[in-house]
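Q: Dropping a structure here in structure tokens format, bear with me for questions.
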Amino acid sequence: MGEQDEVSVEVQITLYATIGAVSLVCNSLIFLVIGTNKDMRTKSNWLLISLATTDWLIIVTGIPIHLINLIKGGNQTHGMVCDLFGFLILVPFLVSNFNLTLIAVHRYVLVVRNKSYRKIFTDKRLFMSIALVWGIGILLSIPPLLGWGSFSYNANRAHCMIDWQKSLSYLIVLQLMAYPVPMATMCFCYYKILRHSYESSKRLASSGDKHRIAKKKREVRLSIMLLLVLLCFFLLFFPYAIMIIYEGQIGGTPSHTFSFISMLGAYSNSMVDFWIYAAMSTKFRQALKRLFYRIAGKLDLSPTATDSSSDAGHSTSTTKVKHQPVPTKPTEGAEQETSINLFLPRGKINPDSVEESCDRSCIDKP
């Protein structure tokens, strides 16, 4: 590896630290937005909490030790400590992928097989599914601690990780479970969702029902957003997947620059969710704004379902008016503005109307 291939330590530290700080704040805000709003604590949103937890753990466990190794100029973790950090980094990376897959399946059932939704995704089964994806991630990370594969310090990436050349069989199993299988499942689910939305839009266009056509447009916009999330995940993790294949199956050593880019993309994936929610969801932005008001001391920092129920006795009536719910019959422009809501209020789902209301439900990460 030539000197010209090196990425300066200062640049690496700056970028990793920036991504870590932004990701930590963004995922913490997701916790706070859901935690301080009772109407957002739905079973669907627990999928987002699980996903944000993995992103938070990736940053908390991965970046600090990464920065320490860069600052100290070498490996600061040896033996069992290296194994521990390798395990703690691998688990959330795997669980993050499985969470995305579970969210894709959940969205597929809600939109395409809506009549079976209440039967398939009961509260108990949803929480069991979340526990299952965490359990699979942990189980897949244990073999290197027992001798099938191993964790070792990688100088190119300045942290402990799987030694991809140690065990080809473990590499193949991990690669299949961590990337191709989740990606294939997500692609299938979102293809079906997009196809269902397109066919429904064609049927509604011929009916002339303006109300349902407007709802279908919001569903199409939701599908586009989900496709954007899927593309972000694919693009950010693609260099890392290529690097693993190159190291483990070809036996090559990637350049320092490519290793840095692949790690940067993998870490960056932990912070994109928040920005997608904020950009595409009016309700999330409103809840975030209320949270900032509370932090600033303008409102009481206590869990509330709505502004009207928690702040009825406050004298700051202008704040209440600003955040009142959208009227039942909005104008066309207002309807477009609130077309994507991140969260679905509490209540049972009516199978007959879920197709129309899925665009207002929790926007799960694919």
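For the sequence shown, full-length UniProt numbering gives the first residue as 1, with consecutive numbering after it.
For glycine and all other residues, C-beta sits at the position ideal for the given N, C-alpha and C.
Touch check for the stretch 251–267 and the stretch 234–241: three-plus C-beta pairs under 8 Å?
A: Yes, the stretch 251–267 is in contact with the stretch 234–241.
Q: Can the beta-carbon of Ile49 be found less than 9 Å from the beta-carbon of Ile34?
A: Against a cut-off of 9 Å, the Cβ pair of Ile34 and Ile49 comes out as a contact.
Q: Measure the Cβ-Cβ separation of Leu140 and Tyr190 and say whether it is below 9 Å.
A: Against a cut-off of 9 Å, the Cβ pair of Tyr190 and Leu140 comes out as no contact.
Q: So what does Phe151 bridge to, in DSSP terms?
A: Phe151 is bridged to Ile162.
Q: Is the beta carbon of Phe234 less than 9 Å from the beta carbon of Phe151?
A: Their beta carbons are not under 9 Å apart, which means Phe234 does not touch Phe151 by this criterion.
Q: Checking 9 Å against the spacing of the C-beta atoms, do Thr77 and Tyr153 come in under that value?
A: Yes, the pair counts as a contact, with Cβ atoms nearer than the cut-off.
Q: Can you list, in chain order, the residues of its chain whose CB lies under 6 Å from that of Ile89, leaving out five sequence neighbours each side?
A: Cβ neighbours of Ile89 beyond the five flanking positions: Thr61, Gly62.
Q: Using a Cβ-Cβ cutoff of less than 7 Å, which residues in the same chain neighbour Met186 once the five nearest sequence positions on both sides are dropped?
A: The residues are Leu100, Thr101, Ala104, Leu230, Pro366.
Q: Relative to the C-alpha of Val95, which residue among Asp83, Ser259, Leu57, Leu15 is closest?
A: That would be Leu57, whose Cα lies nearest to the Cα of Val95.
Q: How big is the Cα-Cα spacing for Ala184 and Lys192?
A: Their backbone Cα atoms lie some 12 Å apart in a straight line.
Q: If you run the structure through DSSP and keep just helix, strand and coil, what is Arg290?
A: Helix at Arg290.
Q: Taking all protein chains shown into account, do 16 or more other C-beta atoms lie within 10 angstroms of the C-beta of Val111, making it buried, or fewer, making it exposed?
A: Its Cβ being crowded by 16 or more others within 10 Å, Val111 is buried.
Q: Assign Arg118 to one of three DSSP states: helix, strand, or coil.
A: Reduced to three states, the DSSP call for Arg118 is helix.
Q: For Val11 and Ser23, I'd like the C-alpha separation in whole angstroms.
A: So the alpha carbons of these two residues sit roughly 18 Å apart.
Q: Does the beta-carbon of Asp123 have 16 or more other beta-carbons within 10 angstroms, so that it is buried, or is it exposed?
A: When all chains shown are included, Asp123 counts as exposed.
Q: With distances taken from CA atoms, which of Ser270, Ile276, Ile30 is nearest Pro92?
A: When only C-alpha atoms are compared, the closest one is Ser270.
Q: Assess, as a yes-or-no matter, whether the stretch 288–299 is touched by the stretch 39–49 under the definition of 3 or more beta carbon pairs within less than 8 Å.
A: Taking 8 Å as the limit for Cβ pairs, the verdict is that the stretch 288–299 does not touch the stretch 39–49.
Q: Would you kindly report the start and end of the unbroken alpha helix (DSSP H) that includes Ala279?
A: Per DSSP, Ala279 belongs to the alpha helix (DSSP H) from 272–280.
Q: Using only the alpha-carbon positions, how far apart do Thr282 and Ile276 sit?
A: The alpha-carbon atoms of Thr282 and Ile276 are separated by roughly 11 Å.
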